[in-house]
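Reading through the structure tokens given below for one structure.
2 protein chains.
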Amino acid sequence: MTSFQQFVEQAGRPISLAKGDHLFLQGDVDSSAYLVSTGMLKAYYLREDGREHIKSFLPEGSVIGSMVAMLDGEACTFSLVAIEDSEVIALPYRQLAEAAQGDLALANSLVGFLAAYGRRKERREFELLSMSAEDRYANLLAEMPHVAERVSQADLASYTGITPQALSRIKRRNKTR
Amino acid sequence: MTSFQQFVEQAGRPISLAKGDHLFLQGDVDSSAYLVSTGMLKAYYLREDGREHIKSFLPEGSVIGSMVAMLDGEACTFSLVAIEDSEVIALPYRQLAEAAQGDLALANSLVGFLAAYGRRKERREFELLSMSAEDRYANLLAEMPHVAERVSQADLASYTGITPQALSRIKRRNKTR
DNA sequence: ACGTCAAATGAACCTCGGTTAATTACACCG
DNA sequence: CGGTGTAATTAACCGAGGTTCATTTGACGT
Chain A
0 MTSFQQFVEQ AGRPISLAKG DHLFLQGDVD SSAYLVSTGM LKAYYLREDG
50 REHIKSFLPE GSVIGSMVAM LDGEACTFSL VAIEDSEVIA LPYRQLAEAA
100 QGDLALANSL VGFLAAYGRR KERREFELLS MSAEDRYANL LAEMPHVAER
150 VSQADLASYT GITPQALSRI KRRNKTR
Chain B
0 MTSFQQFVEQ AGRPISLAKG DHLFLQGDVD SSAYLVSTGM LKAYYLREDG
50 REHIKSFLPE GSVIGSMVAM LDGEACTFSL VAIEDSEVIA LPYRQLAEAA
100 QGDLALANSL VGFLAAYGRR KERREFELLS MSAEDRYANL LAEMPHVAER
150 VSQADLASYT GITPQALSRI KRRNKTR
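Laid out in structure tokens, this is it:
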């Protein structure tokens, strides 16, 4: 019986990243998942017009990977870059899935991770669909203060789905109240 | 070795729904997943101001359930209603997860489902974050034509994240081009 | 203290979608 | 046929956020 922790120790490959280093770019084929040990990464979509939209911030303890890249072997749908000097551990997904085929505990760890991922995305979907930019920003400050204070205004805006200028306006509106 | 198909047959409870019937309401505690056999459901968020935002359409073959409700026993974050007369099969998630604890094949089926769910939500996140309402509408027509033609304008608009009036404007703009 | 560079703020103008309300189109039924 | 109810369209007005560009702030090195 293998635990996830054991799998990480046996099959994981540690990687050191300086601020600004990419783990993969949108369009790359990379079927690994990554566990963030220290530092912080951001996952973002790059549009043709050059604008970038931040999918998620990944502080210590986060696990990330492109679902379609891991599961279908297709190109990654987003890019992954360190916004602080970071240590991550690469986990080859295919190997993880194969190990899970013959390992009940590992399979159930995987179920737990995927379920947690689904839950996070469900929440994000709600925010993007049903909340205004202003509410999303307030929510970000409330839910992830430790992240918000380590991240630039521009990145906070990009995560919220607006421009830095619009975020600045929101902050001003909030002050005067 | 139990397959998912067998689990559905053994533990599934069939339910008949008339158009307009709810399976559960936002705020209910309901830790079941549902497999849609025939017809179509919609999952939607209801805001305090009364506006509703459609999370997803669920035609035949879809599986749906509130992640937080299934995993944490919390209240459902959205409502689930039939928009056509439908047949669904209720799958008690806790029972499914427990069965998976002792059943490798079932656990891996579960991994497959959760992964597919993650993939769908990842795509939706991209659409909501990086695409305009107009592009999301075009995308909906391209990706799910079979769904789009069975659904009211108001529901298509709600899924796209805009009002029926705005959707009407978009359609007009597209015609004149 | 000064210069430099990037981040953040601010202002002017524009576009898209929301809001409200009226109008048209269409299905169903007496 | 006309009547009724619902879905869809249209119009007029408004506000949030985008775009462009200028200004200010702040961190850092000299």
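In the order they appear, the protein sequences are chains A and B. Following the numbering used here, the numbering of the first sequence begins with 0 at its first residue and continues without gaps. Following the numbering used here, the numbering of the second sequence begins with 0 at its first residue and continues without gaps. Positions of the beta carbon are idealized from the N, C-alpha and C atoms, including for glycine.
Asked	Found
Chain B contacts from the stretch 114 to 140 of chain A (Cβ-Cβ distance under 7 Å)	A114, Y116, G117, R118, K120, E121, R123, E124, F125, L127, L128, S129
Short Cβ contact (8 Å threshold) for H52 of chain A with G160 of chain A	yes
Separation of E59 of chain B from D140 of chain B, as counted between CA atoms	Looking at the sequence itself, residue 140 of chain B is Leu, so the reference to Asp does not match. For L140 of chain B and E59 of chain B, the distance between alpha carbons rounds to 18 Å.
Helix, strand or coil at R168 of chain A according to DSSP, with G and I counted as helix	helix
Contact with chain A by M66 of chain B, beta-carbon distance below 8 Å	yes
Any chain A beta carbon closer than 8 Å to N107 of chain B	yes
Burial state of R135 of chain B (16 or more Cβ within 10 Å)	buried
Residues that V110 of chain B contacts on chain A, provided the C-beta gap is smaller than 7 Å	A99, A106, L109, V110, L113
Opening and closing residue of the alpha helix (DSSP H) in which M69 of chain B lies	66 to 71
3 or more residues per run - each beta strand (DSSP E) lying fully within the stretch 79 to 166 of chain B	85 to 91
Cross-chain neighbours of H145 of chain A in chain B, by beta carbon under 7 Å	Per Cβ cutoff of 7 Å: no residues; H145 of chain A is ~22 Å from chain B at best.
Proximity winner among B:L24, B:Q25, B:N138, B:A32, relative to A10 of chain B (alpha-carbon distances)	B:A32
Top-ranked residue by Cα proximity to V150 of chain A, from A:L90, A:S2, A:G38, A:L105	A:G38
Straight-line gap, R50 of chain B to P91 of chain A (C-alpha atoms, nearest Å)	43 Å
Span separating the alpha-carbon of S131 of chain A from that of E124 of chain A	13 Å
K174 of chain B, buried or exposed, once every other Cβ within 10 Å from all chains shown has been counted against 16	exposed
Neighbouring residues, chain B, relative to G196 of chain A (Cβ below 9 Å)	No answer is possible for residue 196 of chain A: it lies beyond the span of chain A, which begins at 0 and ends at 176.
L57 of chain B and L40 of chain B closer than 8 Å at C-beta	yes
Inter-residue spacing [alpha-carbon to alpha-carbon] between Q94 of chain A and S167 of chain B	49 Å
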